[in-house]
Amino acid sequence: MNYRRVNAIFRKEILDTMRDKRTLIMMVGVPVVLYPLLLVMGLQAALLQHTYLEERESVVVLTGRDTEILRTWLEPISKIRIIDSEHPERDLMEGRIDALVGTQQHILEVLESGGSVVINIRFDNTEFSSMDAAGRVESALQKIFQELRLERLEIQNLTESYIRPLDIQRTNVAPPEKTTGSVLGLILPMIMVLVVSLGAFYPAVDIIAGEKERGTFESLLSTPTSKLEIVTGKFLTVFSLALITGMLNLASMAATTTFMAAQFSTVIGDSQGFDFRLPLEAFYIIFLVLIPLALLVSAVMMSIAVIARSFKEAQNYVTPFFLIILLPAILGGLPGTSLTPVSSFIPIYNIVVLFKELMMGKAALGDVGAVFLSTSLFAVLALQVAVWLFHQEDVVLSEERGVPLTLNRRKLLPREHLTPTMAIGLYCTLFLGLIYGGIFLQDLDLTLGIFVTQWGILALPVLLFVWFVKADFRAVLSLRRPRAGIGLWLGAILAGLGTIVLIIQFGAWQQRLIPPPVELQELMTELLSLGESPGGLLVLLLLIAVSPAICEELLFRGALVSGLRQWLRPWAVVVVVGLLFGLFHISIFRILPTALLGMLLTYFVLRSGSLYPAILIHLLNNGLAVMLATGHMPGFVFQWLGIDPHLEELEVIPDLPLPALLMALLAFVLGLLLFERAIRKRSGKKADATTN
Amino acid sequence: MLRTEHLRREYEIPGKAPLVAVRDATLTVDDGEVLGLLGPNGAGKTTLLRILATIIPPTSGDCWIGDRHIKDNPDHIRRHIGFLSGNTKLYGRLTGAEVLRYFGRLYDLSTQQIESRTEELVDLLDMGDIIHRRCETLSTGQTQKVNLARVILHDPEVLILDEPTAGLDIMTSRSILEFIQHARGRGHSIIFSTHYMDEAERLCDRIALIYSGAIMAIGTKQELFELTGTDNVQDVFLSLLDTFKENVA
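Same order as they appear, the protein sequences are chains A and B. Quick note on numbering: the numbering used here labels position 644 of the first sequence as 663, and the sequence is numbered without any gaps. Quick note on numbering: the numbering used here labels position 196 of the second sequence as 344, and the sequence is numbered without any gaps.
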């Protein structure tokens, strides 16, 4: 990839978009001007209304019997004006008066007899002024009620507490930030999702569908710029603009809500105990959450824009998209939703819930990580779709004909390697398959779940994919003999054994740093309990050693290496495939050790040109781990490693003895040297043969 | 130099036989030569030019720009060709100079190279008063001039021009044709499509007559006259068309 060209496209698109009034209005005008203006104006109107109602006199008509007594009770109250009316009911309905107050009883007689006077307040609950008047009258009568009750108690020589045996008090323990967060958390995330989507929509459509409409795509395609460079440059533009729109909105929301809070506290807060504080630190984290949101939405918008032939057509396509994202956004905003291991992986929903939890200050770091991971995966997948669509000639040059989204294998030409797009797309798809299918299956039945995940979710789709794209199985999956002989195997085994020991030590350090949760320990205990019988041990080895050694290697060191080596330098392939391998194990407690192992295995495959050494070392690593964890190893091994064979699974692993560590390190270095020597020797022989 | 051998391009149509847009196209354009691709709308001119510009791949056949095959190294090929597609517009919100700078960067030219080349082209195409105007304010003719400047910015060996004068007024058409003559004088190989017979007759060293995806005949004006026993390109085309239809029938 030529980054200068990507940069040129990015700069041009930013310049072009910044001169587009539509985008500027959506990106800057709405959040910076319109949005605060509407909120502030709405607030001002509400405050004005509030002040007006506060200041306004309530006009009340007294009806029924003993109106004079009622008058003496209500007349001293300020802002209640009592008038007479010929047709009180009609006047109330027509809004000329605010409330009717009356009783059908003789007040004094009832009071003297110790009875209770029924006083009726009639009001119109569709009118604020009428509701206000009812409130004022009720509060005035409550005072009279209190006085009369005290009089009665005095006569009976009783105290007020006598008739109030329980004094129930409610205390809100939620800090003001949480209260505010719970309210804003319901609305803001949904607005953010929509605003970021709109922020991505206009630039995406303008720079892709617009380019088709202008007929400039062909000019672009006739330059040395590759389609991947074009998509990357354009994607960076859309992503940046969506992010800026989101940030501007967020900043605007923060400023506006703070302003509103200040206004409310001044006018209402002190008198009614209203406390409105924004959890400012949540905003910093929300900025971070905006990144995966903008990534996902921009990537999806890019795909939509590629399919569309014009701006208008893109608008038609995007309406269903808005409806689709609105549903999880609304569901996520509902009270009572929270992030669970499953919901953390539902796109859009997870972001909305995370927003909400951050606003309430109760999101855990793991939740943030899970949301980031899954959203990024979906984003990469959506971007792969955009790249794939870009390679569809009919899509890019579509004029009259429709968009062929059919996958017709007959049209494909045989190929020797996978493209980076294919490899990354395959990885993301299988990762999502693992999350949605594998974890669910393993929850139902652990043993069967692992087996189906390995063979059905990993190996089979990889093989089917390689077949579908007419790729050469032997070349893509490196299913051939290594480039060297026995030295290579010895070196790989030696380096592999060293790595296994080093990984155990690494696990010990990590366990101390981030202790694994009890659930994971229980899961492992359940799994390893299989190994108590000889038959069970065999099943366990098949599940944890043999299956991953074949299935995971086919995906990572086979398909993924085949695609990424077309794009990255060998050392970068080693690092990237290793990290993707670590990430695939989902658990934060396994990412680093598995990533290190993944890097070593990738190195073996790249250098030897064969998948078999990687399969062997993977098998050795997992097999030895099972044997160690189930105690099926000779005593001297445990002694050498300083591990108690009767140690409960995954209890705190002690540091390995220094001699063991040094020997492992030595084995690792020697193994690598041996491996390299064998490879170079074979290369030298080949070169000699060619020269001769 | 540009050379093709037996180029064929098919489009799959679900449930029907494939549509052949270009069949067995074999031609050569030498350095300093203008080859006119003459044919009615839908004859396959644009598809053929798109294949030459590496925008779409051929279903079969070969094509070389200089001594390089287009399949072997499309990136390299694209540095040596300049392609003007039919009815191409420009980025409306950018100025002509900004468009040239953008494409210059995509061709990996340095800022200095872009600037000096832009100056040359502004003089050549008389764009002094339009180069700093936004493209959305330019007329069709002015747009086409900026487009031509974009096509030749990186000084390609081969120019592939798809109906460069379509929809232009007489004055602008003339300046575009003068530009093509100028490029021929500088040794560029030029292939351009048109459905204007007089334009082809006046400007081209050789003419390829294309119909229904097939090149019916290719040669100098004189060779084509002799082949068909006529004395103008229009009659040549009609005569060849009759023969072609008889052969197909």
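Built from N, CA and C at the ideal position, the CB exists for glycine as well. A quick note: this is a predicted structure, and the numbers were derived from the prediction, not measured.
Listed by chain order, chain B residues near residue i by CB distance under 9 Å
{"i": "A:Ser566", "result": "None at all; the shortest Cβ gap to chain B is about 41 Å."}
Residue i - DSSP class collapsed to helix/strand/coil
{"i": "B:Ser208", "result": "strand"}
{"i": "A:Thr145", "result": "coil"}
{"i": "B:Ala165", "result": "coil"}
{"i": "A:Ser629", "result": "coil"}
{"i": "A:Leu34", "result": "helix"}
{"i": "B:Tyr398", "result": "Residue coverage of chain B in this structure runs from 149 to 397, which leaves residue 398 of chain B outside it and unanswerable."}
{"i": "B:Leu389", "result": "helix"}
{"i": "A:Thr122", "result": "strand"}
{"i": "B:Tyr344", "result": "coil"}
{"i": "B:Arg334", "result": "coil"}
{"i": "A:Gly292", "result": "Note on A:Gly292: pLDDT 47, under 50, position unreliable in the model; the coordinate value appears next. It is coil, neither helix nor strand."}
{"i": "A:His637", "result": "helix"}
{"i": "B:Glu326", "result": "helix"}
{"i": "A:Val361", "result": "coil"}
{"i": "A:His69", "result": "helix"}
{"i": "A:Leu587", "result": "coil"}
{"i": "A:Glu248", "result": "helix"}
{"i": "A:Ser97", "result": "coil"}
{"i": "B:Glu153", "result": "strand"}
{"i": "B:Thr378", "result": "coil"}
{"i": "A:Ala27", "result": "helix"}
Under 8 Å from the C-beta of residue i: neighbouring residues of chain A
{"i": "B:Ile229", "result": "Ser241"}
{"i": "B:Ile213", "result": "By Cβ distance, chain A contributes nothing, its closest Cβ being about 12 Å from B:Ile213, past 8 Å."}
{"i": "B:Asp223", "result": "Pro243, Ser245"}
Reference residue i, options the options, closest by Cα
{"i": "A:Met45", "options": "A:Val325, A:Ala223, A:Ile187, A:Ser245", "result": "A:Ala223"}
{"i": "A:Lys510", "options": "A:Phe623, A:Trp586, A:Ser497", "result": "The amino acid at residue 510 of chain A is misidentified as Lys; the sequence shows Gly. When only C-alpha atoms are compared, the closest one is A:Phe623."}
{"i": "A:Leu639", "options": "A:Gly517, A:Leu625, A:Gly554, A:Arg626", "result": "A:Gly517"}
{"i": "A:Gly234", "options": "B:Asp274, B:Trp212, B:Met275, B:Thr291", "result": "B:Thr291"}
{"i": "A:Gly352", "options": "A:Ser329, A:Thr440, A:Phe374", "result": "A:Phe374"}
{"i": "B:Leu150", "options": "B:Leu232, B:Glu311, B:Glu181", "result": "B:Glu181"}
{"i": "A:Val596", "options": "A:Ala614, A:Trp528, A:Trp586, A:Met37", "result": "A:Ala614"}
{"i": "A:Thr276", "options": "A:Ala405, A:Gly444, A:Gly61", "result": "A:Gly61"}
{"i": "A:His69", "options": "A:Gly218, A:Glu94, A:Ser148", "result": "A:Ser148"}
{"i": "A:Leu467", "options": "A:Leu561, A:Leu262, A:Leu72", "result": "A:Leu561"}
{"i": "A:Phe603", "options": "A:Leu579, A:Thr356, A:Leu346", "result": "A:Leu579"}
{"i": "A:Ile519", "options": "A:Leu643, A:Met652, A:Asn335, A:Pro567", "result": "A:Leu643"}
{"i": "B:Arg282", "options": "B:Gly234, B:Val247, B:Thr243", "result": "B:Thr243"}
{"i": "B:Leu197", "options": "B:Glu160, B:Ser341, B:Ile358, B:Glu347", "result": "B:Ser341"}
{"i": "A:Met279", "options": "A:Ala65, A:Leu625, A:Val688", "result": "A:Ala65"}
Cβ-based burial, residue i [other Cβ within 10 Å; buried from 16]
{"i": "A:Gln63", "result": "exposed"}
{"i": "A:Val114", "result": "Rather than Val, the amino acid found at residue 114 of chain A in this sequence is Gly. Burial call: exposed."}
{"i": "A:Ala383", "result": "exposed"}
{"i": "A:Gln473", "result": "buried"}
{"i": "A:Phe492", "result": "exposed"}
{"i": "A:Phe364", "result": "buried"}
{"i": "A:Gly421", "result": "Because the pLDDT of A:Gly421 is 33, which lies under 50, any placement of that residue in the model is unreliable, and the number read from its coordinates should be weighed accordingly. Exposed."}
{"i": "B:Pro206", "result": "buried"}
{"i": "B:Leu273", "result": "buried"}
Interface partners of residue i on chain B, CB under 7 Å
{"i": "A:Ala27", "result": "Tyr250, Arg253, Leu254"}
{"i": "A:Lys31", "result": "Tyr250"}
Contact set between residue i and chain A, taken where Cβ atoms lie within less than 7 Å
{"i": "B:Ser233", "result": "Gly234, Glu237, Ser238"}
{"i": "B:Arg226", "result": "Ser241, Thr242, Pro243"}
Listed by chain order, chain B residues near residue i by CB distance under 8 Å
{"i": "A:Arg24", "result": "Arg253, Leu254, Asp256"}
>> At a CB distance below 8 Å, what residues from the segment 235–259 of chain B approach chain A? Give them in sequence order.
In response: Asn235, Thr236, Lys237, Leu238, Tyr239, Gly240, Arg241, Leu242, Glu246, Tyr250, Phe251, Arg253, Leu254, Tyr255, Asp256
>> Using a Cβ-Cβ cutoff of 7 Å, what residues of the segment 235–264 of chain A are near chain B? List them in chain order.
In response: Thr235, Glu237, Ser238, Leu240, Ser241, Thr242, Pro243, Thr244
>> Please list, in chain order, the residues of the segment 193–218 of chain B that have any C-beta partner in chain A closer than 9 Å.
In response: Flagged, chain order: Arg198, Ala201, Thr202, Ile203, Ile204, Pro205.
>> Tell me which residues of the segment 36–64 of chain A have at least one Cβ-Cβ distance to chain B shorter than 9 Å, keeping chain order.
In response: Thr36, Met37, Arg38, Asp39
> Which residues, in order along the segment 279–306 of chain B, keep a beta-carbon less than 9 Å from a beta-carbon of chain A?
Replying inline: Arg282, Asn295, Arg298, Val299, His302
>> Tell me which residues of the segment 341–371 of chain B have at least one Cβ-Cβ distance to chain A shorter than 9 Å, keeping chain order.
In response: Against chain A - using a Cβ distance shorter than 9 Å - the segment 341–371 of chain B contributes no residues.
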